[in-house]
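Structure record follows, encoded as structure tokens.
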């Protein structure tokens, strides 16, 4: 027995959830297996003590590299410049307070968790919004690249092997995180809480113990690099040059602020009173960050940590440079070594916690990236499909894109956090500045309407804060651009430009289409109802699928109904005719000739001819289809049908109906599809529960 | 205005002819541009003088390498063994005559051009048929690999650069041929005629002129390698070992027979009387081949050509081996050099013609491979789609597969024809032997019924010929297997096994499905007609596509009709409701809730609930779809619809109707599809005209 040449199957729509997704998924699935059945997190809300680690792992972790960067830059002017570091630290602290204060306003003003994008979009218009969005997207990529590189360096201070294979290890971690997130692993609060708190506790212990040893015991704690001298690249730097250098050091220090805005995106995830709790958490986070930042800088001074931009040639030991083999440990681990002693348990724990918290920070980007994507999709800057919450494919693609970009950067920059940080801060401050300016506008708008004095006073206060924030962050942005442009900031800007251009193009396309298909008010040719339907059932042989199709076709009482077959093989056709008569099927059977054993062309031409006979009619082509389960089965079935349907849909005045016949094997695909639906999108925790739409199911 | 989240588009059926085919085609198209508009060749028939070159380029070209192989093998036993070469030549000639004689019987018995596969299949059953098919498929791959490698070597004898970059050049030629054939270049007879005749004429001139110079003028013609000595690997080989060596030399010589069967596939392409003309052409080809083969061997003897398996170490000049830099020219070009003189015009022409004819031989495989594929598809050993004649995609995939495999072999074996030939001959003789055995069966069958003495006598004669053919070729097959197995024949056998296994699996699958869907005689649940149709039109917004869908839906007077929307965005939903009422659309609008902004799940669940309420009903889901032109547009539209349709088709008792709305951009895809239809499949010439099916378009 013979299987029809054109018997349809769920065409590739089916594939969308089976084979086509395969094109992207199969490799993934091979690696990561099926998505875990994990409960939807929609209903779980975060208490502050959990929210803090969930949202703060990113900003807190940045104290692991920020202080070092400051010293690095200063070292250019030689050891003497180190004594500027407290001032720079102070500047960073002020900035941190400003930013935190400003974002506390955002949190209150936008409890929806729109974040910088929403703020800029609503108050400064789409262009600003899109700029912020691009900046954030670039930032997410860099968060992954920087955090992981730095994490590897911290781990390396305890496990030499890791530094020796820096790039490989970094990319390994990226792959791991990617697989985890693709698999839709549940982002549990505790998962974050433990290492974050261990890290914070570790740093505080270090600071306290260090202070105690230094001040009370009067120990002389010496960092491993304490005995090195620094050969300044520009000795005796003074005047403008020095100022410039200090500014550069400062903007490096600003790396400590990355990720502060995270909370403002996550307000809905907080327990009630959401805004207040979010604000408090924000404050706590700021406090932690600055304390740790200053503490580490202070200890670095006290223990005479020496860092140089090019340790190989600029760090001198016993008169000779250390040479290329020397690996410069991050400042935090040097300090820890000085305070706790090399190889001590506490030192090890801290190193591990630091690395872990940095990896968690990277993981937050894996959540933020697709979430922002879905918001952008809502505004049609990205494909609509990203809009549906927790769409597995959309998220998967987002995650893969993110991982790819980050991996590329890590590879290009040799997993060197110092070099990567040069790219990092631009985006952050672009969004900081724009969102603060947006807030100012926001308050202005409200003030025009608001009459109540108490409220007005409050608003004016908020506006003042945001104004200062906008001003300060704006200034920093300029500084960063000026001091870091040639050092790599241009790469970040380029990335932003690319995102911006792509998203604008997509939006343009959607708008153009929307216009094209806009429904006319006056009844036009479209709304004029065609007169009759001529139904055609495609038949290759008589078997269950075709019989079912015929059965269904009869139900749709169309004006005329006929069965259509193409004669690709005279013998088969004769057999078909014979059986048709034997079974006495009460539908006329029409057979088209096809000398070249084609299927598509004759059918298309026949349908067209029908249309020409009576242009006001609609032709309804009914195609029995197989539903199969395995992607490779698609290669064996219905290919002609797929092409035929494709062509038919290009012919005006035609409707194409698929009457599916589920083969046993289709069960497989069904299960797969179900599995996919049970998958939890990364970042659901920080996103909070789905807004229950009031508008319930009803009839109009 | 906003574009619906689930608005369908021609799903991937459309893609089959647009984006999906892109996956394979786009790179191709970038390289090769659109397929040329070339007239269908169906109606053109070949006169003998054209048929000869078209079909004989493969077998004739093999004399370019076969003689050399004989000498190579003999050299193992040292120069003394060379004097066996005439005997081996004689054996090859006898074999050639046998094979030709046998195939003349095939041609008469099977004018349909079934070829070895059909013969074996009909007379020895599917297993034998499939074995032959696998053998032929492997052969096609090797034809490409061997012919091109040898062609490069011949070209190299005139143009040193080519040999120096052997592999690169060989692969270059493969790519070129692939592009040509993908582009569907018209395989014109003349294209083949000229180089083939130049080649034949050249070789004959060489033989004649050589004989004349040698015999009449008594010139002492010396091949460039004449002064070399051969260091035998096994000096003084005798007894069984010698016999074995001679057999090996003989089976190498059998390479001259490859491609003889080609004509038996192409009978329909001949002018009437097809069979007679084909038989005559076959005889001519055989005659040419043996003359050239013997002539070249003879001249090689006369001019003292020296060839060794490892020329680097086994060829001695002035006591020292030639070393790795020495390139061993093919025997034909060495002889040509001796006869015409080095660098002479005739020498150049012959070298060029040889190379060209070898490339044409390779090209015949590009035609044969997909053609055999379509025959196998007809018997459901390969995907049905390959069956439809000149299906661009099917052919393209076949061609790419062939080229890939051949390229791989060329790369692995360093484009060394000598090493590739070890793999070559197995397949040929497998199909020779099986088809001859099949013919014997064929005659036996006929003889049981045939009464007329004249006819009987004729049949008995034919049977005798085929019996001898079967016996002889079978013997050779054994010899080849024994002498060449370790030299590479096992690779060919492995390849055959893989093809065999795959094709059996595919056939099994088709049979299983065919059984599963077989229409029951007694009216079963399938033929029982469901009672009513409940139509659901999916609506996201009100625009032309949805209005059209509604209009069409109303035409299909189904028992109930409702519009269905999913509330992913309360604001949008409210707007939709409002406009629905404002426009006074007379179809009830139902809105499903979707807290997670999903589309698929709520709809599926709703449809299922409908089914549960009244299981005997059919649900018809009508989806307005966009038809877009560019593949990237697919990424921006209807993704949700694709998934939804996919899921719907897995739900029993559902029919899914697409109401396409052609966007302006769809014109592009339409044109593309048309272009693709105008493409001519490679090999149409040798395939002959399409059998005009009598059974014309009628109603039953």
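Protein chains in written order, with the UniProt record's numbering: chain A, 1 to 700; chain B, 1 to 700.
Note that CB positions come from ideal geometry on N, CA and C, so glycine has one too.
No experiment lies behind these values; they were computed from the predicted model shown.
Let me confirm a value: residue 646 (chain B) is counted as buried when at least 16 other C-beta atoms fall within 10 Å, else exposed. Which label applies? buried
On the CB-based measure, 16 or more other CB atoms within 10 Å of its CB, does residue 540 (chain B) come out buried or exposed? Buried: at least 16 other Cβ atoms inside 10 Å.
C-alpha distance - residue 694 (chain A) paired with residue 374 (chain A), whole-angstrom precision: Per-residue confidence for residue 694 (chain A) stands at a pLDDT of 42, beneath the threshold of 50, marking its modelled position as unreliable; the derived number appears in the next sentence. Cα to Cα, residue 694 (chain A) sits roughly 21 Å from residue 374 (chain A).
Identify the contact partners of residue 657 (chain B) in chain A, using a Cβ-Cβ distance below 8 Å as the criterion. Within chain A, the residues placing a beta-carbon under 8 Å from that of residue 657 (chain B) are 620, 655, 656, 657 and 658, ordered along the chain.
Cβ closer than 8 Å: which chain A residues qualify as neighbours of residue 474 (chain B)? The contacting residues do not exist; residue 474 (chain B) stays about 34 Å from chain A at best.
Flag residue 203 (chain A) as yes if its beta-carbon sits less than 8 Å from any beta-carbon of chain B, otherwise no. no
Which residue marks the beginning of the alpha helix (DSSP H) containing residue 606 (chain B), and which one marks its end? 600-613
Other residues of its chain near residue 706 (chain B): CB distance less than 6 Å, five sequence neighbours each side excluded: A query on residue 706 (chain B) cannot be resolved here, the shown segment of chain B reaching from 1 to 700 and no further.
Where residue 633 (chain A) sits in the DSSP three-state scheme: If DSSP states are grouped into helix, strand and coil, residue 633 (chain A) belongs with the helices.
Skipping 5 residues on each side, what residues in its chain have a beta carbon closer than 6 Å to that of residue 253 (chain B)? 66, 70, 88 and 92
If you count every other CB in all the chains shown that lies within 10 Å of the CB of residue 706 (chain A), and 16 or more means buried, which is it? The first residue shown for chain A is 1 and the last is 700, placing residue 706 (chain A) beyond what the model contains.
Give me the Cα-Cα distance between residue 636 (chain B) and residue 503 (chain A), rounded to the nearest whole angstrom. 12 Å
If we call anything under 8 Å between Cβ atoms a contact, is residue 434 (chain B) one with residue 132 (chain B)? It is a contact, given that the beta carbons lie within the stated cut-off.
Spell out whether any CB of chain A is found under 8 Å from the CB atom of residue 269 (chain B). no
On the three-state DSSP scale, how would you describe residue 565 (chain B)? strand
Nearest-angstrom Cα separation, counted from residue 472 (chain B) out to residue 38 (chain B): Model confidence at residue 38 (chain B) stands at a pLDDT of 32, short of 50, so the residue's coordinates are unreliable and nothing is read from them.
Within 7 Å of chain B by C-beta, residues of the segment 536-561 of chain A in sequence order: Cβ contacts with chain B: 542, 543, 544, 545, 547, 548, 551, 552, 554, 555, 556, 557 and 558.
With DSSP as the reference, please indicate the residues paired to residue 234 (chain B) in a beta bridge. According to DSSP, which records beta bridges pairwise, residue 234 (chain B) is partnered with nothing at all.
Who are the Cβ neighbours of residue 456 (chain B) in its own chain at under 6 Å, not counting the five residues just before and after it? 450
Cβ-based contacts, 8 Å cut-off: residues of the segment 495-519 of chain B near chain A: 506, 509, 510, 511, 513, 514, 515, 516, 517, 518 and 519
How long is the line joining the alpha carbons of residue 405 (chain B) and residue 59 (chain A), rounded to whole angstroms? 54 Å
By the three-class DSSP mapping on this structure, what secondary structure does residue 417 (chain B) have? helix
Shorter than 8 Å from the beta carbon of residue 334 (chain B) to some beta carbon of chain A? no
Cβ neighbours of residue 219 (chain A) in the same chain (closer than 7 Å, five flanking residues each side left out): 213
Which value, in whole angstroms, describes the spacing of the CA atoms of residue 206 (chain A) and residue 572 (chain B)? 55 Å
Classify residue 41 (chain B) as helix, strand or coil using the three-state DSSP reduction. Low local confidence applies: a pLDDT of 38 at residue 41 (chain B) is under 50, so the model's placement there is unreliable, with the coordinate-based value given in what follows. In this structure, residue 41 (chain B) counts as coil in the three-state DSSP scheme.
Which residue wins for smallest C-alpha separation from residue 349 (chain B), given the options B:532, B:68, B:159 and B:584? B:159
Say whether chain A places a C-beta atom closer than 8 Å to the C-beta of residue 607 (chain B). no
Does the segment 140-147 of chain A touch the segment 405-418 of chain A, meaning 3 or more C-beta pairs lie closer than 8 Å? yes
Determine contact between the segment 469-485 of chain A and the segment 504-520 of chain B, defined as no fewer than three beta-carbon pairs at a distance below 8 Å. no
If you draw a straight line from the C-alpha of residue 175 (chain B) to the C-alpha of residue 366 (chain B), how long is it? 12 Å
Closer than 7 Å at the beta carbon, the chain B residues around residue 282 (chain A): Close to residue 282 (chain A), with beta-carbon spacing below 7 Å, lies no residue of chain B; the smallest spacing is near 28 Å.
Which chain B residues sit within Cβ distance under 8 Å of residue 625 (chain A)? 649
Can you give me, in chain order, the residues of the segment 93-112 of chain B that have a beta carbon less than 8 Å from any beta carbon in chain A? none
Please compile the residues from chain B whose C-beta is within a distance smaller than 8 Å of the C-beta of residue 533 (chain A). What residue 533 (chain A) touches in chain B: 552, 555 and 556.
Cut-off 7 Å between Cβ atoms - residues of its own chain near residue 619 (chain B), not counting five sequence neighbours on either side: 534, 536, 607, 610, 611, 653 and 654
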